[in-house]
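Taken in order, these protein sequences are the chains called P and Y. Take the first sequence: its letters are residues 1 to 192, numbered as in the numbering used here. Take the second sequence: its letters are residues 1001 to 1192, numbered as in the numbering used here. By construction, the Cβ of each residue, glycine as well, lies at the ideal position given by its N, Cα and C atoms. Before any comments, here is the structure.
Number of protein chains: 2
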Amino acid sequence: MEAKEKIIQSARAVFQEKGKNGARMQEIADRAEVNKALVHYYYKNKETLFQEVFKQVSVETIVPLIEILSSEMELEEKIQFFVNSYIDRLRQNPDMIAFMVGELQRNNLPFFIEERVKKLIDQFSKQLQSSDKYKVVDPVQVLTSVIAACVFPFIAKPLVSSLTDVAGESFDEYLEKRKLELPKIILDGIKK
Amino acid sequence: MEAKEKIIQSARAVFQEKGKNGARMQEIADRAEVNKALVHYYYKNKETLFQEVFKQVSVETIVPLIEILSSEMELEEKIQFFVNSYIDRLRQNPDMIAFMVGELQRNNLPFFIEERVKKLIDQFSKQLQSSDKYKVVDPVQVLTSVIAACVFPFIAKPLVSSLTDVAGESFDEYLEKRKLELPKIILDGIKK
DNA sequence: CATATGATTAACCTTTTGGTTAAGTAAAGT
DNA sequence: ACTTTACTTAACCAAAAGGTTAATCATATG
């Protein structure tokens, strides 16, 4: 791998672990096994590098989410598929979403997300209304509840872990159970 | 108000806004309208001050949550009451929960929380099993889903806002609607 | 071969930041 | 009057951190 690529990957790891302000340019250089000057050679400064990483992570966390939820899949299957695949995706990189949420407070989402959000709302609203299997519920409420339920275990892992510990269960077992039970709860919650 | 109290309050505000690493001792002093030396006079160093704030915020965010959910209230009423009061509580200090979650990645929860968690699981499990109105569902799954649904809008506010914007609704309207719809979805989701 | 170009480094510089110190003030307690 | 308590001030320090520079290396190109 060339240096430039190694640098973003290293930057990404360090930013995810330490947050924007906790990250050190030196550590990013070290982990990429290059000189600190080279980091500044490819990326003007810390801010630029961070923005690059943040954009990348935003896309990876949010785009697939929107993609699945605004697809043409049938609603029950869609919810099931989303919960399963999104939990698995987050599990592969558990730090990512926490980092994302942490930095979301002080950084704006890349603006191209907006457009896709529109598509998502439109598709999902129609889908809910068109079938008479479902109650009259606000699609935004449903959407945010589903997303919340998938994402929360990863951003509040210490709290959730202490809950699962008490219940005598591992975090992973909890996640597996969640993939089964969550779609049921949500779907029964919106069916007539 | 005496200086010491002004300092924590100021520290809390600054930590919430900028995060642990982004916060500056100088800014904390300035906002408390005291000299930086006085901050170190009362709190040994930044770490100590932060821990103080973090403990305080942990208690304020998590204790009432556990308190309500492990109370003896009847289940339907309990869920309704929790959603209503917890959303209102978070709304009063919207930065708090995001800060909490952000720092939760790199700091441990105050340990006394553990005990209360046990009580919560016990009470909630019994409650779910004892009534035959409800399906056989894992109480931990239900608990985390309810908490997630209340907390998520505040920690992912930019994303949720872009959803509500598209739907032509304000964030506050969304929250009000949530107080009504969320308990219905959850309760119908766990009823037989 | 000479040289232009991009990649890489070691050394350095500057600013920021957390933290300290020592002297001093003002008011309350004894 | 003396002392303690609460707080202030300003100057200072050392380390950390971001960033720059000038020289060097590698390789491709005229």
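query: Taking the alpha-carbon positions, what's the glutamate 114/P to alanine 1037/Y distance?
result: In the first sequence, the residue the question calls residue 114/P occupies position 114. In the second sequence, the residue the question calls residue 1037/Y occupies position 37. In a straight line, the C-alpha of glutamate 114/P is about 47 Å away from that of alanine 1037/Y.
query: Are the beta-carbon atoms of valine 1053/Y and alanine 1098/Y separated by less than 8 Å?
result: In the second sequence, counting from the first residue as 1, residue 1053/Y sits at position 53. In the second sequence, counting from the first residue as 1, residue 1098/Y sits at position 98. Taking 8 Å as the Cβ cut-off, valine 1053/Y and alanine 1098/Y do not qualify as a contacting pair.
- prompt: What residues of chain P sit near isoleucine 1185/Y, judged by a beta carbon separation below 8 Å?
  reply: Numbered from 1 along the second sequence, position 185 holds the residue referred to as residue 1185/Y. Those are Val137, Gln141, Val142, Ser145, Ile186, Gly189 and Ile190, listed as they occur along chain P.
message: Which residues in chain P have a C-beta closer than 8 Å to the C-beta of serine 1071/Y? List them in chain order.
response: In the second sequence, residue 1071/Y corresponds to position 71, counting from 1. Under the 8 Å cutoff, chain P gives no residues; its nearest Cβ is about 17 Å from serine 1071/Y.
query: Could you give the distance in angstroms between the alpha-carbon of tyrosine 1042/Y and the alpha-carbon of glutamate 47/P?
result: Mapped onto the second sequence, residue 1042/Y falls at position 42. Mapped onto the first sequence, residue 47/P falls at position 47. Going by the C-alpha atoms only, they are around 34 Å apart.
- prompt: Apart from the five residues on each side of it in sequence, which residues of its chain come closer than 8 Å, Cβ to Cβ, to threonine 164/P?
  reply: In the first sequence, residue 164/P corresponds to position 164, counting from 1. Same-chain partners within the cutoff: Ser170, Phe171, Glu173 and Tyr174.
query: Which of helix, strand or coil does DSSP assign to lysine 1191/Y?
result: Counting from one through the second sequence, the residue named residue 1191/Y turns up at place 191. Strand at lysine 1191/Y.
field: Residue-level contact to chain P via CB, serine 1130/Y, 8 Å cutoff
entry: Counting from one through the second sequence, the residue named residue 1130/Y turns up at place 130. Closer than 8 Å: no.
task: Verify the CB distance criterion: does arginine 1178/Y have a CB-CB separation below 8 Å to chain P?
output: Position 178 of the second sequence, counted from the start, is the residue given in the question as residue 1178/Y. Chain P, which has a Cβ nearer than 8 Å to the Cβ of arginine 1178/Y, makes this yes.
- request: Keeping to the same chain, check which residues put their C-beta closer than 6 Å to that of tyrosine 90/P; ignore five residues upstream and five downstream.
  value: As a first step, residue 90/P must be located in the first sequence, where it is residue number 90. Per the sequence presented here, residue 90/P reads as leucine, with tyrosine not at that position. Ile97 and Phe154, listed in sequence order.
query: Using a beta-carbon distance cut-off of less than 8 Å, what residues from the region 1051-1075 of chain Y approach chain P?
result: Those would be Ile1062, in chain order.
- prompt: Between the C-alpha atoms of isoleucine 185/P and glycine 1189/Y, what's the straight-line distance to the nearest angstrom?
  reply: To locate residue 185/P, count along the first sequence from 1; it is residue 185. To locate residue 1189/Y, count along the second sequence from 1; it is residue 189. Answer to the nearest angstrom: the Cα atoms are 4 Å apart.
query: When you compare only the Cα positions, how much space is there between lysine 1078/Y and glutamate 72/P?
result: Residue mapping note: residue 1078/Y aligns to position 78 of the second sequence, counting from 1. Residue mapping note: residue 72/P aligns to position 72 of the first sequence, counting from 1. So the alpha carbons of these two residues sit roughly 37 Å apart.
message: 8 Å is my cut-off, CB to CB: does valine 1014/Y come that close to chain P?
response: Sequence index remark: in the second sequence, residue 1014/Y carries index 14 (1-based). No, valine 1014/Y does not count as interfacial toward chain P.
message: Is leucine 90/P close to chain Y? Criterion is C-beta to C-beta, closer than 8 Å.
response: The sequence position of residue 90/P within the first sequence is 90, counting from 1. So, not an interface residue.
query: Is it a yes or a no for the region 1001-1008 of chain Y touching the region 1144-1154 of chain Y, going by three-plus beta-carbon pairs under 8 Å?
result: With the cut-off at 8 Å, the region 1001-1008 of chain Y and the region 1144-1154 of chain Y do not touch.
Secondary structure of tyrosine 86/P, DSSP reduced to three states: What you label residue 86/P is simply residue 86 of the first sequence in a count that begins at 1. Helix.
message: Please list the terminal residues of the continuous alpha helix (DSSP H) segment that includes aspartate 165/P.
response: Numbered from its first residue, the first sequence carries residue 165/P at position 165. Looking at the DSSP string, the run of the alpha helix (DSSP H) that includes aspartate 165/P is 157-166.
field: Beta-ladder partner(s) of tyrosine 134/P, from DSSP
entry: Walking along the first sequence from the start, residue 134/P turns up at place 134. Residue pairing from DSSP places tyrosine 134/P in a beta bridge opposite Lys191/P.
- prompt: Closest Cβ-Cβ distance between leucine 1104/Y and chain P: below 8 Å?
  reply: Taking the second sequence and counting its residues from 1, one reaches residue 1104/Y at position 104. Output row for leucine 1104/Y: interface = yes.
task: Could you name the residues of chain P that glutamate 1181/Y contacts, counting a contact when the two beta carbons are closer than 8 Å?
output: Taking the second sequence and counting its residues from 1, one reaches residue 1181/Y at position 181. Under the 8 Å cutoff, chain P gives Val137, Asp138 and Gln141.
- request: May I ask whether a heavy atom of the ligand GDP can be found less than 7 Å away from the beta carbon of phenylalanine 1124/Y?
  value: Absence of the ligand GDP from the depicted structure is noted, as is the absence of any ligand whatsoever, leaving it without description.
- request: Answer with yes or no whether the minimum CB distance from asparagine 108/P to chain Y is below 8 Å.
  value: Translated into positions along the first sequence, residue 108/P becomes position 108. So, interface residue.
message: Using a 10 Å radius around the Cβ and a threshold of 16 neighbouring Cβ atoms, would you call glycine 102/P buried or exposed?
response: Within the first sequence, the letter at position 102 stands for residue 102/P. Per the 10 Å Cβ criterion, buried.
- prompt: With a CB to CB cut of under 7 Å and the five nearest residues on each side skipped, what residues in its chain are close to leucine 120/P?
  reply: Counting from 1 along the first sequence, the entry for residue 120/P is found at position 120. For leucine 120/P, the CB contacts under 7 Å within the same chain, skipping 5 residues up- and downstream, are Ile66, Leu69 and Ser70 in chain order.
query: According to DSSP, is serine 58/P helix, strand or coil?
result: In the first sequence, residue 58/P corresponds to position 58, counting from 1. Note: serine 58/P maps to helix in three-state DSSP.
Minimum C-alpha distance to alanine 1013/Y - residue among Asn1035/Y, Asp1095/Y and Asn1084/Y: Along the second sequence, read from residue 1 onward, the residue named residue 1013/Y stands at position 13. Alanine 1013/Y has its Cα closest to that of Asp1095/Y, out of Asn1035/Y, Asp1095/Y and Asn1084/Y.
task: Give the DSSP-derived three-state secondary structure of proline 110/P in the structure shown.
output: The count along the first sequence starts at 1 and reaches residue 110/P at position 110. Coil, per DSSP.
- request: Give me the Cα-Cα distance between leucine 1187/Y and asparagine 35/P, rounded to the nearest whole angstrom.
  value: One-based indexing of the second sequence puts residue 1187/Y at position 187. One-based indexing of the first sequence puts residue 35/P at position 35. Answer to the nearest angstrom: the Cα atoms are 57 Å apart.
- prompt: How about leucine 1143/Y and tyrosine 1134/Y: are their beta carbons less than 8 Å apart?
  reply: Within the second sequence, the letter at position 143 stands for residue 1143/Y. Within the second sequence, the letter at position 134 stands for residue 1134/Y. No, these two residues do not count as a Cβ contact at 8 Å.
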